[in-house]
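Before any comments, here is the structure.
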Amino acid sequence: MLNGKSVLITGGTGSLGKELASTILSKWPDVKRLIIFSRDEQKQFQMAQDFPVEKYPSIRYFIGDVRDLERLKRAFNDVDAVVHAAAMKHVHIAEYNPDECVKTNIGGAENVIKAALSCGVKDVVALSTDKACAPINLYGATKLASDKLFIAANNIRGKQDIRFSVVRYGNVMGSNGSVIPFFMKKRGEGVLPITDSRMTRFNISLEDGVAMVLHALENAWGGELYVPKIPSYRITDVAEAIGPECEKPEIGIRPGEKIHEEMITSSDSFTTYDLGNYFVILPQTPSWDLEEFKSAFNAKAVPVGFSYSSGSNDSFLSVEEMRGEIEKHVGPLQ
Numbered sequence: 264m265l266n267g268k269s270v271l272i273t274g275g276t277g278s279l280g281k282e283l284a285s286t287i288l289s290k291w292p293d294v295k296r297l298i299i300f301s302r303d304e305q306k307q308f309q310m311a312q313d314f315p316v317e318k319y320p321s322i323r324y325f326i327g328d329v330r331d332l333e334r335l336k337r338a339f340n341d342v343d344a345v346v347h348a349a350a351m352k353h354v355h356i357a358e359y360n361p362d363e364c365v366k367t368n369i370g371g372a373e374n375v376i377k378a379a380l381s382c383g384v385k386d387v388v389a390l391s392t393d394k395a396c397a398p399i400n401l402y403g404a405t406k407l408a409s410d411k412l413f414i415a416a417n418n419i420r421g422k423q424d425i426r427f428s429v430v431r432y433g434n435v436m437g438s439n440g441s442v443i444p445f446f447m448k449k450r451g452e453g454v455l456p457i458t459d460s461r462m463t464r465f466n467i468s469l470e471d472g473v474a475m476v477l478h479a480l481e482n483a484w485g486g487e488l489y490v491p492k493i494p495s496y497r498i499t500d501v502a503e504a505i506g507p508e509c510e511k512p513e514i515g516i517r518p519g520e521k522i523h524e525e526m527i528t529s530s531d532s533f534t535t536y537d538l539g540n541y542f543v544i545l546p547q548t549p550s551w552d553l554e555e556f557k558s559a560f561n562a563k564a565v566p567v568g569f570s571y572s573s574g575s576n577d578s579f580l581s582v583e584e585m586r587g588e589i590e591k592h593v594g595p596l597q
């Protein structure tokens, strides 16, 4: 799929960006170019130790900010596919710095779209978050706006051969800033602070997150928002899996946090379809034939009123399953 192609990842030094880069380099050794676009030179320096140009001659490290349209245009030159992973992601930081979050998550999305249209990119996949579904915090609101921008971009492509799609998922296990590495670090202190004992979250591994991005790159017709079928976990079970001997005081939720996360609301149900491994929310007015799409992917409409929440999910990881997933995807607990 990607041999002979040029691929660019914005925010490519993040957890998912690095996993995606590793997957591409192993599965498509003849990729023409793999461009890591990000603004943090130290993270690029560190990533280059793991993926040196001498060993991976197709890789490029490109310093730039998605806020800078001209820099994006330079980076997107002769690029076939773009995965947009760059974003401000911390809920409480966005609440305190709202203008910065808007500039990166909304303005950056607009710039990625403009650069892709200007430079002849063929496929763009933007990363979303469960917090963009019925958002109550600024981060989620900016990502919902970003989702809408990418989906609507298919309406302004004219005769250009380009497809914009979105992938939405929950907490990525072990990613920077997520609860699992935080708990693993705090375990040595004997105290794991719990925001709210009722809290639940969706859980996805880096590998499964990458697989969904690649699915969208290969299969999107333009305008789809993909949602994975993944299990939930209870925050109390994560704490028990990591530090059963630790104290677990309840400290209260931070500004902008939800008790449960959603990925599909009942209002989305009218345009949501079941693809087997994924759900997909389609645009209300797709630019292609809906019946043809349903036939091609054996897509089945979900019941009207269907919703997908971490609190009412039909699949929850037990403490032992959680412990096994952490050992497999993050690191040893002993």
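The working numbering runs 263 ahead of the 1-based position in the sequence shown. Heads up, the beta-carbon is just placed ideally off N, CA and C, and yes, glycines get one too. Just so we're clear, the structure is a prediction, and the values are computed from it rather than from any experiment.
- Do you know whose CA, among F446, I322, D393, lies nearest S495's CA? Taking the sequence shown and counting its residues from 1, one reaches residue 495 at position 232. When only C-alpha atoms are compared, the closest one is D393.
* Asked: Which full runs of the beta strand (DSSP E) of 3+ residues lie inside the region 305-364, going along the chain?
  -> Within the region 305-364, the runs of beta strand (DSSP E) that reach at least 3 residues and sit entirely inside it are, in chain order, 322-326, 344-347.
Quiz item: beta strand (DSSP E) containing Y536: first to last residue?
Solution: Taking the first residue of the sequence shown as position 1, residue 536 is located at position 273. Note, Y536: beta strand (DSSP E), 535-537.
**Counterpart residues of L488 in DSSP-defined beta bridges** = Counting from 1 along the sequence shown, the entry for residue 488 is found at position 225. Paired residues: V429, I544.
Which full runs of the beta strand (DSSP E) of 3+ residues lie inside the region 442-523, going along the chain?
463-467, 488-491, 495-497
- With respect to the alpha helix (DSSP H) encompassing A395, which residues constitute its N-terminal and C-terminal limits? The residue labelled residue 395 in the question sits at position 132 within the sequence shown. Unbroken run through A395: none, as it is neither H nor E.
Item to complete: Determine the closest residue to E333 out of K377, V430, S550, with distance taken between C-alpha atoms.
Response: For the purposes of this step, residue 333 is identified with residue 70 of the sequence shown, where counting begins at 1. Checked all of K377, V430, S550; the closest Cα to E333 is K377.
Next item on the list: Determine the direct distance from the alpha carbon of E282 to that of E470, and round the result to whole angstroms.
Entry: In the sequence shown, residue 470 corresponds to position 207, counting from 1. In the sequence shown, residue 282 corresponds to position 19, counting from 1. The alpha-carbon atoms of E470 and E282 are separated by roughly 7 Å.
- prompt: Could you give the C-beta distance for Y432 and P491, rounded to a whole number, given that I count them as a contact under 8 Å?
  reply: On the sequence shown, position 169 is the one that residue 432 refers to. On the sequence shown, position 228 is the one that residue 491 refers to. 5 Å between Cβ atoms; contact.
*CB contact flag (I505, I425, <9 Å)*: As a first step, residue 505 is located in the sequence shown; it is residue number 242 there, counting from the start. As a first step, residue 425 is located in the sequence shown; it is residue number 162 there, counting from the start. In this structure, I425 does not lie closer than 9 Å to I505 by Cβ.
Item to complete: Report the rounded CA-to-CA distance for R296 versus L401, giving the unit in angstroms.
Response: Taking the first residue of the sequence shown as position 1, residue 296 is located at position 33. Taking the first residue of the sequence shown as position 1, residue 401 is located at position 138. Roughly 35 Å between the two C-alpha positions.
| request: Check whether the Cβ atoms of I429 and A389 sit closer than 9 Å, and answer yes or no. | output: Counted from its first residue, the sequence shown places residue 429 at position 166. Counted from its first residue, the sequence shown places residue 389 at position 126. Note on residue identity: the sequence assigns Val, not Ile, to residue 429. Their beta carbons are under 9 Å apart, which means V429 touches A389 by this criterion.
_Quick check on R296: does DSSP put it in helix, strand or coil?_
To locate residue 296, count along the sequence shown from 1; it is residue 33. Three-state result, R296: strand.
| request: Starting from F579, follow its DSSP beta bridges and name the residues at the other end. | output: Numbered from 1 along the sequence shown, position 316 holds the residue referred to as residue 579. Note: F579 sits in a beta bridge opposite S495.
**Exposure label - G280; buried when at least 16 CB within 10 Å** = For the purposes of this step, residue 280 is taken as the residue at position 17 of the sequence shown. A residue is called buried once 16 or more other Cβ atoms fall within 10 Å of its Cβ, and G280 is buried on that count.
The beta strand (DSSP E) spanning S269 covers which residue range? By one-based count along the sequence shown, residue 269 stands at place 6. Counting along the chain, the beta strand (DSSP E) containing S269 begins and ends at 269-273.
Alpha carbon to alpha carbon, how far is F579 from L480? Here the question's residue 579 lines up with position 316 in the sequence shown. Here the question's residue 480 lines up with position 217 in the sequence shown. Roughly 29 Å between the two C-alpha positions.
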